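J.:
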Amino acid sequence: MVVSVIIPTFDRPNTLLCVIDSYIDQEYVGELIIIDDGSSKSYTETIEYIEERLAGTQIIFNYYKNQKNHGAAYCRNLGVELAKYDYILWGEDDAFLSSNYLSVLLPKANDDVIVFGSIYYGITPWMEEDQLIQKKKEQQLSPKSIFDYDRFEGYYRKLSNNDIEVPFGHALILVPKKAYSSIKYYENYKVNGYREESDAQVQMVKNGNKIFYTSDTECYHLPGLAIEKGGQHKKNRLIQEVFTIINTGLFYKRHLIFFNKRYNVSKSVSIMTFLYVKRKLNEYNLKLINKIKRKFRIL
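For the sequence shown, numbering that gives the first Met the number 0 gives the first residue as 0, with consecutive numbering after it.
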């Protein structure tokens, strides 16, 4: 069985170049689809490198460039249309995979089961092993639960002996193409597109699919300093955070009746959004305190 790997990208040719080997080197890859969402930067060097890496393999390569920027949801819908195989592994231009990511996920998936692995943040492909282990441990030891039903957010950095069913996963997820037979990515999440992947996955759960988190394999998100200014994050930080809240409110509005029924979340959209904002502010305060502490240590 082979899989279609789809990676939407926008103005990040060099960042994509840093992570692309981790997708090419996976077992069971039948095709690689790169969807360039109308970038102003040239991807020529990146595409030439990919073509060179795939020379002599059976992997089909398709680079598709939109005439203008449409947003990641549009690109994902296009990717589903282009995909030739029965399973789709979604990639990101600022994230990379452990060497066994696909080989671990594929046996766990079927026509009704969607699956994804742990995701760790602030990791680079060139990080020293001891530093990688330390970074992972710090994130694994967080007091956060794997899924927070107050904010409807996952924290997928915890170790677990068993695979855990969750309402939705993160972006780097293995999905049977059949799951898209009656759903599309919702294209009205603005600016940073926050919640658009979650939205599609919730639609799949509504249709009878199950989504499982496994800590048997993992993927990694690059640190901010290693990522080109592109993707859906070209606006300043404040605007990004404002639309994280706006998009979360829209997400709750679209699915809260289902959440109440399935997960016994007996709260209104306004209360859910308030709780989300409250926790966000607490996180910002904690980050600010830690930043001040670090500065005092330096002094």
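A virtual CB, placed ideally from N, CA and C, is assigned to each residue, including glycine. All values derive from a computational prediction rather than experimental measurement.
Sort out for me which residues DSSP pairs Tyr212 with in a bridge.
T.: One-based indexing of the sequence shown puts residue 212 at position 213. Per DSSP, Phe115, Ile163.
J.: Do Tyr73 and Ile33 have their CB atoms nearer than 9 Å?
T.: Translated into the one-based positions of the sequence shown, residue 73 becomes position 74. Translated into the one-based positions of the sequence shown, residue 33 becomes position 34. Contact flag unset, no.
J.: Hey, how far is the Cα of Leu298 from the Cα of Glu137?
T.: The residue you call residue 298 lines up with position 299 of the sequence shown. The residue you call residue 137 lines up with position 138 of the sequence shown. In this prediction, Leu298 has a pLDDT of 47, which is less than 50 and means its spatial position is unreliable; what the coordinates show is noted afterwards. Taking the straight line from one Cα to the other gives about 25 Å.
J.: Taking the beta carbon of Tyr119 as the centre, do at least 16 other beta carbons fall within 10 Å, making it buried, or is it exposed?
T.: Stepping through the sequence shown from its first residue, residue 119 is reached at position 120. Tyr119 should be labelled buried.
J.: With a threshold of 16 other CB atoms inside 10 Å of the CB of Arg11, please say whether the residue is buried or exposed.
T.: Counted from its first residue, the sequence shown places residue 11 at position 12. So Arg11 ends up on the buried side.
J.: Please report the straight-line C-alpha distance between Gly207 and Glu127, rounded to a whole angstrom.
T.: For the purposes of this step, residue 207 is taken as residue 208 along the sequence shown, with counting starting at 1. For the purposes of this step, residue 127 is taken as residue 128 along the sequence shown, with counting starting at 1. Their Cα atoms are separated by approximately 42 Å.
J.: Please list, in chain order, all residues of the same chain as Val79 whose beta carbon is under 6 Å from its beta carbon, the five residues on each side excluded.
T.: For the purposes of this step, residue 79 is identified with residue 80 of the sequence shown, where counting begins at 1. Taken in chain order, the residues that qualify are Tyr179.
J.: Does the region 101-121 touch the region 34-50, meaning 3 or more C-beta pairs lie closer than 8 Å?
T.: These segments do not touch.
J.: Go to Val28, then tell me how far its beta strand (DSSP E) extends in each direction, as first and last residue.
T.: Your numbering for residue 28 matches position 29 in the sequence shown. 28-35 is the extent of the beta strand (DSSP E) around Val28.
J.: Skipping 5 residues on each side, what residues in its chain have a beta carbon closer than 7 Å to that of Ile46?
T.: Against the sequence shown, residue 46 aligns to sequence position 47. Closer than 7 Å at Cβ, skipping near neighbours: Tyr62.
J.: Taking the alpha carbon of Asp36 as the point to measure from, which residue in Phe242, Ser267, Gln66, Lys107 has its own alpha carbon closest?
T.: Here residue 36 corresponds to residue number 37 of the sequence shown, with the count starting at 1. Looking at the Cα atoms, Gln66 is the closest of the given residues.
J.: Can we say the region 261-270 touches the region 207-217, given the rule of at least three CB pairs closer than 8 Å?
T.: Contact between the region 261-270 and the region 207-217 is absent, because fewer than three Cβ pairs lie under 8 Å.
J.: Distance check for Asp93 and Ser71, CA to CA, integer angstroms please.
T.: Walking along the sequence shown from the start, residue 71 turns up at place 72. Walking along the sequence shown from the start, residue 93 turns up at place 94. Rather than Ser, the amino acid found at residue 71 in this sequence is Ala. Those two C-alpha atoms are separated by around 14 Å.
J.: Compare the C-alpha of Asp198 against each of Ile23, Ile87, Phe258, Tyr154 and name the closest.
T.: Sequence index remark: in the sequence shown, residue 198 carries index 199 (1-based). Of the listed residues, the one whose Cα sits closest to Asp198 is Phe258.
J.: Quick one, are the C-beta atoms of Ile58 and Ile23 less than 9 Å apart?
T.: What you label residue 58 is simply residue 59 of the sequence shown in a count that begins at 1. What you label residue 23 is simply residue 24 of the sequence shown in a count that begins at 1. Cβ distance < 9 Å, so Ile58 and Ile23 count as in contact.
J.: According to DSSP, Trp89 sits in a beta bridge with which residue or residues?
T.: Working through the sequence shown from its first residue, we reach residue 89 at position 90. Per DSSP, Ile5.
J.: Kindly indicate which three-state DSSP category Val174 falls into: helix, strand or coil?
T.: As a first step, residue 174 must be located in the sequence shown, where it is residue number 175. Correct three-state label for Val174: strand.
J.: Output the distance between the C-alpha atoms of Gly382 and Leu140, rounded to the nearest integer angstrom.
T.: Limits of the chain in this structure are 0 at one end and 298 at the other, which puts residue 382 out of reach.
J.: Report all residues from its chain with a CB closer than 7 Å to the CB of Ser97; omit the five preceding and five following residues, and keep chain order.
T.: Working through the sequence shown from its first residue, we reach residue 97 at position 98. Answer for Ser97: Thr216, Glu217, Cys218, listed in chain order.
J.: Check this for me: beta carbons of Lys252 and Val268, under 9 Å apart or not?
T.: Walking along the sequence shown from the start, residue 252 turns up at place 253. Walking along the sequence shown from the start, residue 268 turns up at place 269. Cβ atoms of Lys252 and Val268: closer than 9 Å.
J.: Using a Cβ-Cβ cut-off of 6 Å (strictly less than) and excluding sequence neighbours within five positions of Asn246, which residues of its own chain qualify?
T.: Stepping through the sequence shown from its first residue, residue 246 is reached at position 247. Within the same chain, Asn246 has close Cβ partners Tyr188, Tyr193, Arg194.
J.: Would you say the beta carbon of Gln66 is closer than 8 Å to some non-hydrogen atom of the ligand PLP?
T.: The ligand PLP is not part of this structure, which contains no ligands at all.
J.: Going by alpha carbons, who is nearest to Lys83 out of Pro175, Gly121, Asp129?
T.: Position 84 of the sequence shown, counting from 1, holds the residue named residue 83. With distances taken between Cα atoms, Lys83 lies closest to Pro175.
J.: What number of angstroms, rounded off, separates the C-alpha of Phe60 from the C-alpha of Ser102?
T.: Within the sequence shown, numbered from 1, the residue matching residue 60 stands at position 61. Within the sequence shown, numbered from 1, the residue matching residue 102 stands at position 103. Taking the straight line from one Cα to the other gives about 20 Å.
J.: Can you tell me whether Asn109 is helix, strand or coil according to DSSP?
T.: Against the sequence shown, residue 109 aligns to sequence position 110. Strand.
J.: One question on the structure: do Leu104 and Leu88 come within less than 9 Å of each other, judged by their Cβ atoms?
T.: Stepping through the sequence shown from its first residue, residue 104 is reached at position 105. Stepping through the sequence shown from its first residue, residue 88 is reached at position 89. A contact, by the Cβ cut-off of 9 Å.
J.: If I measure Cβ to Cβ from Tyr48 and keep anything under 8 Å in the same chain, skipping five residues before and after, which residues do I get?
T.: As a working note, residue 48 is residue 49 in the sequence shown. Cβ neighbours of Tyr48 beyond the five flanking positions: Leu16, Ile19.
J.: I need the DSSP call for Leu96, collapsed to helix, strand or coil.
T.: The residue you call residue 96 lines up with position 97 of the sequence shown. Here Leu96 sits in strand by DSSP.
J.: Determine the closest residue to Gln25 out of Thr123, Asn13, Phe95, with distance taken between C-alpha atoms.
T.: Here residue 25 refers to the residue found at position 26 of the sequence shown. For the residues Thr123, Asn13, Phe95, the minimum Cα distance to Gln25 belongs to Phe95.
J.: Measuring only the C-alpha atoms, how far is Leu158 from Pro142?
T.: Your numbering for residue 158 matches position 159 in the sequence shown. Your numbering for residue 142 matches position 143 in the sequence shown. Between Leu158 and Pro142, the C-alpha separation is close to 12 Å.
J.: Report the CB separation of Phe167 from Gln200 in whole angstroms; it is logged as a contact under 8 Å.
T.: By 1-based counting over the sequence shown, the position of residue 167 is 168. By 1-based counting over the sequence shown, the position of residue 200 is 201. The pair is a contact, with the Cβ atoms about 4 Å apart (cut-off 8 Å).
J.: Using three-state DSSP, classify Asn187 as helix, strand or coil.
T.: As a working note, residue 187 is residue 188 in the sequence shown. DSSP places Asn187 in coil when its eight states are reduced to three.
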